[in-house]
Structures are given as C-alpha cells and as structure tokens.
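Working notes for the structure below.
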Amino acid sequence: MDIVDLITPGAVIANLRATSKKQALSDLAKRAGEITALHERAILDVLLERERLGTTGVGNGIAIPHGKLNSLDRLYGLFARLERPINFDSIDEQPVDLIFLLLAPESAGADHLKALARVSRLLRDKSVCEKLRGTDNADALYALLTESQASRAA
Amino acid sequence: MNLAVLVLSGLVAASVFSSLLSFRIGAPLLLVFLGVGLAAGAEGLGLGPMDGRMVYLLGSAALAVVLFDSGFHTPVKAFRLAAAPALSLATVGVVLTAAVVAVPAHLLLGLDWPHAGLLGSILASTDAAAVFFLLRVGGITVRDRTRSLLEVESGCNDPVAIFLTMALAAILAGQPHTGWALAGDLARQFLYGGLGGLAGGMVIVQAVNRLGIERSLLPILALALALMLFSAVGLLGGSGFLAVYIAGLVAGNARLSAPQTLKRFQDGISWLAQIGMFVSLGLLARPSEFGAVALPAMGVAVVLTLVARPLAVFLALLPFRITANETFFVSWVGLRGAVSILMAILPMILGVAGGSVYFNVAFLVVVASLAVQGWTIGPVARWMGQIVPRRTGPVERVDLELPGAHHALVAYRIVPDSLVARGHRLPRWAMPSLVVRDGGSMLAHIAGPLVAGDMVWLFARPDRVGHLDHLFARPAEAAEADRRFFGDFPIEPTVSMGQLALSYGLPVNEDGLDRTVADYLADRFGGRPGIGDRVLLGDIELIVRALDEAGGVAEVGFAAEPTRLDAPRLAMFEPGERLKAWVSRLGG
C-alpha cells in the first residue's frame, strides 16, 4: 500500500480554513464528496461515527479521520494543511494542523487497515511533518507526501 | 570506641559518596558497596575484625529489614497479579536452579554431590534487594506483570533457598536427620512464617494506628516490631524471612495513619541495611583466596546464568500464560546478591568441611551476576519490549499527609504547556483549596483559572493522587518507539467490541460483541490487565494504555498493524509456546 495509490494532487488542500473539528471534517467531507461523487453528508456521518469510537487526533498536531462507505469503489485519501491549528480532542490535547482523511469501501477490510497503518507511519515521521508544515503549495505538499515514501522504499 | 564509630560511619559515608560515582558510570551500586567493603577489609585497609558469626547475624537482621521494606512497597494488587507464578518460581524454580548448579559445582570444583547441592542451594535464590533496587532505581518502568512477578518472586524465594541451605548444611555438618522430619520442618517454616507474617502485620498496623504514639517514633516502632516478629517466628521454627515479608505486605497495604513518614523512614533504613549487608560481606572476604577458585566459579556463574536460571524459569512458568519475552526477561533478571553470600557463611559457621570454598565461589558468582545482569538490565528490558515509555514529563509535587484524615494535601507547581495551564479542568474528587500566586496566597475559588507559575494546594485521596500527575506535567514528546508501544489511535474504553469489529472488520466471537473494549481486554488478562498488555485481533492490536484507580482499563490504544512487540525475540523460548498450547488443549 503506497500513499501514491491513495491520494491524487487534486486531493491536497494547502490552506484549509477551519475553526473547529466539526467544521474541518465537514469541509473535508465536502471536498471528498466532489472527488468520490458521493453525498457529503454520508461521508461526514461516517467520519463522525468513527470519532465516537475515539478521537483520530493521534498527537503531535496530526489527525487521521477515517471511515468505511458502502458505495466507494476504492480507497480515497485527502490531505489538508490547516491555516490555523484547531482543537481536535487529540490524545495529547495539542491543536491539530495536519489532517489526512482516509475513506475505504465497506469490503476493504485488510486494505483499509494497511492504508491506515501506512498513513500513520508516514505522519509519525517528525521531519516529514515539519516539511509539510513549512509548505503552502498543494503540488509541493503532494510531492512531499508521495516522495518520502519512494526514498523510504529505496 | 571513637575509632569504631569513625570506622563504621566512615564506611557508610564512603558507600553513599560512591553512589555518585555509580550513577555517573552506571555501575551497579550494590557492587560498589561490596567494593567499599573489600577495600576496607582484612586484605585492604584491615579495618574489619569481622568474624563470620557476627556478619551472619547482622546480615540476617539487615535482610529482614530489606524484606520488610520490599513487602511494604509491594502493592497488594501486584502481589495478586503475580502470586501464583511467583510462588512456582520460588519453589520449583529454586529447587531446579539448585539442582542444575550442582552439576558444574561437582564437575568443576570436585565437590561430591551433597556438597555440590549445598553450593547449588546457596546460589539458588534471587536477591530481593538487588532486584528491587534495579527495578526501582534503574530509571526504567518495567511492565506491571513482569515487575510484579520479579518482585514477588525475589521476596518469596529467599525462605526456600535459606531452608534448603540450612537443611543441607546441617546434614553435612553431621547433625542427625530423617526425610520426614525435614519435610515437616519445611511445612512448619512456611506455615509459621505465613501465619506469623499475617498476624504480625496486623499487630503492626494496629500499633501504628491506635496507640497514639509520637509520630517520629512510629517508624521505629514498626521496624522494631518487624524485627521482633522475625526472631520470634524463627525461634518457633518458622521462616522469619517469609514472616517479615508478609508482615510488610500487610502493613504497607493497610490504611496507615502516617504512610509518608513510614515510607520515607523505610526507604532510608532499607538503604542502610543494604549498605551494611554488602559492606560487611565485603569486609569478610579475602580476595587472595579467590584465585584458586576463580575459574571454576566463573564456570558456575555461566551455567547458573545461561542454563540453570533460564531452564528453571522456563519450567516453573510453563503452566502460566506468560509470553516468551517475559519469560526470558524474568530469567535474565535472576540476580544473585547478598542472600547468597550470607548463606555461604553458614557452612563455615556450622563447620562443614572446606567451608571457605562456598563463600569464595558465592562471592565471585554474585559479583559476576551483579556486574553482567546489573549492567544489562536496561537494554535487555528494551529488547524484550518490557519497558513502559513515559507519557508525561516530570511534575513538581509536594505531598503532605494529614494524620487521621483519609485525604492527603498535595501541592503542584503549574508548568507552562501542562493540561491545567491550558485550561483543563481538575477531576471532581480533587479539591483545590489554596493558590499561591506572585508571592500571595488566596482561596482557590477566588483565584479562578490556574496559570503557569502558580502553586496549587489541593486535597485528594492518597491512592488517587498519582492520577493527577498527567494534568500537571509537561506532556512528554511521544517518540516513535512510544507510538509502537501504545498504538496509533486511542479507542474509548466504553465502546462495545461489536462497534469496533464492525468498523474495522475484526474477528470477534459472537459472545464478545456486547462487551466494552475495556472489559474485553481486562478479561483477556484474567481480570488483571497491565499497562502495555496487548491482544492481536486479525491485523490489529488492542493495547492497554492506562489503568484507572480500581485497576480496570481506562485507556485503550489501537494499532492498525501488529506491533509485534510481544513477538518472541529468541527462538529458543518458542517451543514452550507450542507446548503450552498443547497442554491447554488437553486441559480444555
């Protein structure tokens, strides 16, 4: 499972403006709706449902909201760099400014987990996060997200 | 007179000063104490006109003090967590170790089998003092289950090894015996020791709580009663060592009227006892005699560490659900210490032929054990995935005990970036009363929100205070290794397994779906979960992140891929897993 397989340049948002967790999730759901041609409300519901199991704010300013949807044809990833950090009920109670959203088809049990593990591993890397925070251009962000992995694979 | 006091206090002071050195170079502190004794001893400065009998007497009393203290600091929760496997280690494990060590003693030292068995039993017990010390002071937090197991084992196995040694030494010294008398003696040692310990512990609790004695005298009273118990039980034919350990356990877990005073005194006196024990054992040693037995002794040490202990631990722990890594770690932390050297004095006192051989060999084996295992405990614990990463930074906390009250008064300094400084609320059971701000003090409800630099005084139940720390601490940077330990995501402990299974497609049995994640995890560990315990479910792991005050699961982690933290690091312990699975299939 590679990040390249999850995300397209169009799914990277360089400066998301949001003031709350709810708003950030709903903006991302909207964008995901455009990409996947699903109803944004359905996506948001799935994300909020997942948050009820426990926050996806994993600490160090990172959040990885995710969920499964019946009508998806494959895994979709979205990345957003927030203009201003927001409260995300994170485990370390630090505000969040990098969000990687992951949506998976209902049937993709193992792939869903593999993708989650991959994203989580990528964003655990402090140097990657620092570079992502220092970049406000969507293409450059996309390059960072996908390149770090090529270098790691090598 | 003055000279004697000067020498004694000088030795203690030298030992304490040497601790600075020890912390700097990381040398095992107990080894340093032994070194101080050697330097001052018969062949060093010649300060020690010590004879074996006196050292044995003082050493036993000091050991009793250390055991009382180790019982005192063992939470009853830890004891329950580990009692059964620890007892197996303390009995089966000790006998097996003694038996296996007898082999190199016979082959390398040329001792006949009974004498070789005597050496084996001398070296059979792990040293409570050394193990406690390394686990507590080593600056690492070892996972609950393993730590409890090691601590309870080292508290319980001394009586067994001591009994074995005394019995063998007495027989070899020519005292009459019969098999039945020995078995009866063993039973009496345990029975009297256990019952005496329970009764003595309760007496100590009542004496401390009820008699209204001046507070500074309380710890002295407790200590005196413990030593009285030790000798009384010993006179009756019971194990005084077992008795003081259990009495410490009872007293330490009871609600005492001045727990902090007692704890602090215990800490100090236990240090003094250890210094006394190791220094006087060093004083007694004659390094010039070591040369003759050095090589065989190293052979014995190698067999003990690499064969006897691992084999004994492996077999003693077979019936229990203990992972391969835990088993390996437990077998590695089988430190030998003062008890072994102390026991090695016995053959000399009782007049067993060639008595000094035991002492010299035991001395060298202990030095090797302290050096090798003492130095490597940290790396090995890390390698075996036995270290709990710190989740919070240091806190500035002052505890005051309130006589007669069930609450303690605690003060915290508010540091920037702590949860409280960022506006996090205190739990309802914590009652803030006074805030010291800019040199003035005011009532907490007038002071309003706490800000960095404040000092807040609050009342809370002593057993809950630890749960406040994370609110007042600077959050610790979560390192990569910590994420691996605790998992990627937090999961609410109250969520049902059904919901979780649905969201991630997890293989959970029908009957498990209604339970909460917390209950599910607790059940998987026999109702006694420990931090870092993990369950593999399909491709994910559920991890116990934190426990609540009642020992239930309070925080759960979710790893999206197996962390393999508990995967066996050494293949040699794996056949056991299969054997265990086989045995449990037979049973079920």
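From first to last, the protein sequence lines are chains A and B.
My numbering puts the first residue of the first sequence at 1, with every later residue one more than the last.
My numbering puts the first residue of the second sequence at 1, with every later residue one more than the last.
C-beta: ideal position from N, C-alpha, C; glycine also.
{"Item": "Identify every residue that forms a DSSP beta bridge with GLY67/A.", "Value": "LEU103/A"}
{"Item": "Would you mind listing the alpha helix (DSSP H) stretches within the stretch 338–383 of chain B that are 4+ residues and don't spill past its ends, in chain order?", "Value": "338–350 and 355–383"}
{"Item": "Where do the ends of the beta strand (DSSP E) carrying ARG413/B lie?", "Value": "408–413"}
{"Item": "Counting C-beta neighbours from all protein chains within 10 Å, is the total for ARG255/B 16 or more, i.e. buried, or is it exposed?", "Value": "exposed"}
{"Item": "When you compare only the Cα positions, how much space is there between LEU134/B and ALA447/B?", "Value": "43 Å"}
{"Item": "Where does THR516/B fall in DSSP's three states?", "Value": "strand"}
{"Item": "Against chain B, with Cβ distances strictly below 7 Å, would LEU78/A count as a contact?", "Value": "no"}
{"Item": "Listing by chain order, which chain A residues have their CB less than 7 Å from the CB of GLY505/B?", "Value": "GLY109"}
{"Item": "Can you list, in chain order, the residues of its chain with a C-beta nearer than 6 Å to that of ARG437/B? Leave out the 5 residues immediately preceding and following it.", "Value": "ASP454"}
{"Item": "May I ask which residues mark the beginning and end of the alpha helix (DSSP H) holding ALA207/B?", "Value": "179–210"}
{"Item": "When DSSP builds the beta bridges, which residues end up paired with TRP457/B?", "Value": "ALA411/B and LEU434/B"}
{"Item": "Comparing the C-beta of GLU93/A with each C-beta of chain C, is any distance below 7 Å?", "Value": "In the structure shown, chain C cannot be found, because the protein chains are A and B."}
{"Item": "If you count every other CB in all the chains shown that lies within 10 Å of the CB of VAL398/B, and 16 or more means buried, which is it?", "Value": "exposed"}
{"Item": "Who are the neighbours of VAL495/B on chain A, taking C-beta pairs under 8 Å?", "Value": "ARG52, LEU53 and GLY54"}
{"Item": "Quick check on DSSP: helix, strand or coil for VAL293/B?", "Value": "helix"}
{"Item": "Just how far apart, CA to CA, sit LEU164/B and LEU350/B?", "Value": "15 Å"}
{"Item": "So with CB distances below 7 Å, who are the chain A contacts of ILE540/B?", "Value": "LEU113"}
{"Item": "Grab the span of the beta strand (DSSP E) containing ILE491/B for me, first residue to last.", "Value": "489–491"}
{"Item": "So ILE387/B is in the alpha helix (DSSP H); what residue range does that whole segment cover?", "Value": "Taken as a continuous stretch (DSSP letters only), ILE387/B belongs to no alpha helix (DSSP H), as it is neither H nor E."}
{"Item": "Would you mind reading off the limits of the beta strand (DSSP E) that contains LEU400/B?", "Value": "397–401"}
{"Item": "Does any C-beta atom of chain A lie closer than 7 Å to the C-beta of ARG483/B?", "Value": "yes"}
{"Item": "Quick check on DSSP: helix, strand or coil for ASN15/A?", "Value": "strand"}
{"Item": "Let's see if you can read the secondary structure: which residues bound the beta strand (DSSP E) around PHE79/A?", "Value": "76–86"}
{"Item": "Go to PHE328/B, then tell me how far its beta strand (DSSP E) extends in each direction, as first and last residue.", "Value": "It is not in any beta strand (DSSP E) - PHE328/B instead sits in the alpha helix (DSSP H) that spans 324–332."}
{"Item": "Roughly how many angstroms lie between the CA atoms of LEU513/B and LEU47/A, to the nearest whole one?", "Value": "22 Å"}
{"Item": "So the candidates are ARG81/A, ALA29/A and THR36/A; which of them puts its Cα closest to the Cα of GLY134/A?", "Value": "ARG81/A"}
{"Item": "For PHE278/B, which of helix, strand or coil comes out of DSSP?", "Value": "helix"}
{"Item": "How far does the alpha helix (DSSP H) with VAL160/B in it extend, from its first residue to its last?", "Value": "144–172"}
{"Item": "Do ALA169/B and VAL36/B have their CB atoms nearer than 7 Å?", "Value": "no"}
{"Item": "For PHE489/B, which residues in chain A fall below 7 Å Cβ to Cβ?", "Value": "GLY54, THR56 and VAL58"}
{"Item": "Spell out whether any CB of chain A is found under 7 Å from the CB atom of ALA554/B.", "Value": "no"}
{"Item": "Can you tell which of LEU67/B, LEU30/B, VAL152/B and LEU45/B has the C-alpha that lies nearest to the C-alpha of LYS77/B?", "Value": "VAL152/B"}
{"Item": "For PRO85/B and PHE320/B, what's the separation of their Cα atoms in angstroms?", "Value": "7 Å"}
{"Item": "Cutting at 6 Å between CB atoms, please list the residues of its own chain near LYS131/A, excluding the five before and the five after it.", "Value": "LEU144"}
{"Item": "If you drop the 5 nearest sequence neighbours on each side, which residues of the same chain put their C-beta closer than 7 Å to that of SER9/B?", "Value": "none"}
{"Item": "Does LEU116/A come within less than 7 Å of chain B when only Cβ atoms are used?", "Value": "yes"}
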